[in-house]
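Chemist:
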Amino acid sequence: MRLVTYQRNGLARSGVVLGGDVFDTGFATTRAALEAGAIEAGERVGALDELELGAPITDPDKIVCLGLNYRDHAAESGLALPAAPMLFAKFRNSLTGPASPIVLPGVGSQFDYEAELAIVIGRRGKAIAAEDALEHVAGAMAFNDVTARDIQHATSQWMAGKAIDTFAPCGPALVTLDELGDLQDLAIRARVNGETVQDGHTSQMIFGVAETIAFVSRLMTLEVGDIIATGTPAGVGISRSPQVLLGDGDVVEVEIEGLGVLANRVAALVAVES
């Protein structure tokens with residue numbers, strides 16, 4: 080099953096994709112549909128390629144992200160492999176959907192992409208055992224952990240360079256596990272203006288999805304709709320030679336096997352008066 084957020088009459092709604100069409104689930108958000116348990120296709124809304132899509136999950140309680148979770152990315156960063164998952168947070172303000180812009184803030188200058196597999200929690204849990212972890216997963220989606228590197232590295236805390244508005248594009252759909260198979264056996268790629276800049280595989284994770292869920296859930300209760308982004312492989316722009324940093328007009332694509340392509344254009348901030 081593929082779940083999307085679509086726009087109709089200026090309002091966001093939850094939909095399910097069947098073939099090339101989107102059908103309303105009867106819920107305003109995908110989180111609400113997941114909490115209800117049984118998701119059914121209702122009224123046909125329209126063709127998928129004719130609808131404006133938003134982030135599949137719009138209202139998570141938490142967006143938990145992993146740093147340095149691929150061996151080759153840790154190596155290119157010149158950092159030791161972490162002994163435990165390195166966690167940081169993003170917030171709802173960072174979420175944006177497919178085809179919506181990544182808006183550069185009025186501060187910072189080193190804007191970078193990170194192609195990531197994100198999972199969405201489908202069943203509440205605390206202190207979840209690793210062997211039971213996937214039973215708590217509703218599905219997965221492509222995720223771009225956009226980062227302002229100069230802001231990130233200005234202090235020892237990463238949040239300021241990570242939690243910027245629109246710096247967490249995700250989508251185009253939340254795909255349930257029955258359509259995906261093994262989450263540790265997926266190709267993951269990023270492209271900037273059509274050129275491949277990351278080409279990795281989820282088997283290269285240091286801490287796999289199940290182990291990560293178990294670790295996070297020992298610290299905090301995982302709620303339905305929570306997002307966990309599982310880190311990025313090698314090839315980030317700041318580590319390339321020459322560097323590939325994002326600017327106004329660039330197009331970034333994240334493609335994960337079975338999940339589709341998440342594409343976003345980069346746009347400079349336009350000041351809005353309060």
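Numbering (the working numbering), first residue to last: 80 to 353.
Using N, Cα and C, we set each Cβ at its ideal position, and we do this for glycine too.
(1) Which residue wins for smallest C-alpha separation from residue 256, given the options 94, 265 and 218?
(2) Taking the straight line between their C-alpha atoms, what separation do you get for residue 325 and residue 119?
(3) From which residue to which residue does the alpha helix (DSSP H) around residue 291 run?
(4) If you drop the 5 nearest sequence neighbours on each side, which residues of the same chain put their C-beta closer than 8 Å to that of residue 259?
(5) Considering only C-alpha positions, which residue in the set 251, 121, 188 and 289 is nearest to residue 412?
(6) Leaving out the 5 sequence neighbours to the left and right, which residues in its chain are closer than 8 Å to residue 354 when beta-carbon positions are compared?
(7) Pick out the complete beta strand (DSSP E) segments inside the region 100-124, 3 residues or longer, and give them in chain order.
(8) DSSP on residue 152, reduced to helix/strand/coil?
(9) CB-CB under 7 Å to residue 282, same chain, minus the five flanking residues each way: which ones, in chain order?
(10) Please report the residue range of the beta strand (DSSP E) in which residue 278 lies.
(11) Tell me whether residue 129 sits in a helix, a strand or coil according to DSSP, three-state version.
(12) Tell me the DSSP bridge mates of residue 220?
Modeler: From the atom records:
(1) Stepping through the sequence shown from its first residue, residue 256 is reached at position 177. By alpha-carbon distance to residue 256, the top candidate from 94, 265 and 218 is 218.
(2) Numbered from its first residue, the sequence shown carries residue 325 at position 246. Numbered from its first residue, the sequence shown carries residue 119 at position 40. Rounded to the nearest angstrom, the two C-alpha atoms are 40 Å apart.
(3) Here residue 291 is taken as the residue at index 212 of the sequence shown, counted from 1. That run of the alpha helix (DSSP H) goes 288-298.
(4) The residue you call residue 259 lines up with position 180 of the sequence shown. Cβ within range, chain order: 218, 219, 265, 337 and 338.
(5) Here the chain covers residues 80 to 353 and nothing more, so residue 412 does not appear.
(6) Residue 354 cannot be examined here, being either before or after the span of the chain that is shown, 80 to 353.
(7) Listed in chain order, the complete beta strand (DSSP E) runs (minimum 3 residues) inside the region 100-124 are 100-103.
(8) Position 73 of the sequence shown, counting from 1, holds the residue named residue 152. Note: residue 152 maps to helix in three-state DSSP.
(9) Numbered from 1 along the sequence shown, position 203 holds the residue referred to as residue 282. Taking residue 282 as the centre and dropping the five residues before and after it, the same chain places the C-beta of 263 and 264 closer than 7 Å to its C-beta, in chain order.
(10) Within the sequence shown, the letter at position 199 stands for residue 278. Residue 278 -> beta strand (DSSP E) spans 274-280.
(11) The residue labelled residue 129 in the question sits at position 50 within the sequence shown. DSSP places residue 129 within a helical segment (H, G or I) once states are collapsed to three.
(12) Locating residue 220 in the sequence shown gives position 141, counting from the first residue. 197, per the DSSP bridge assignment.
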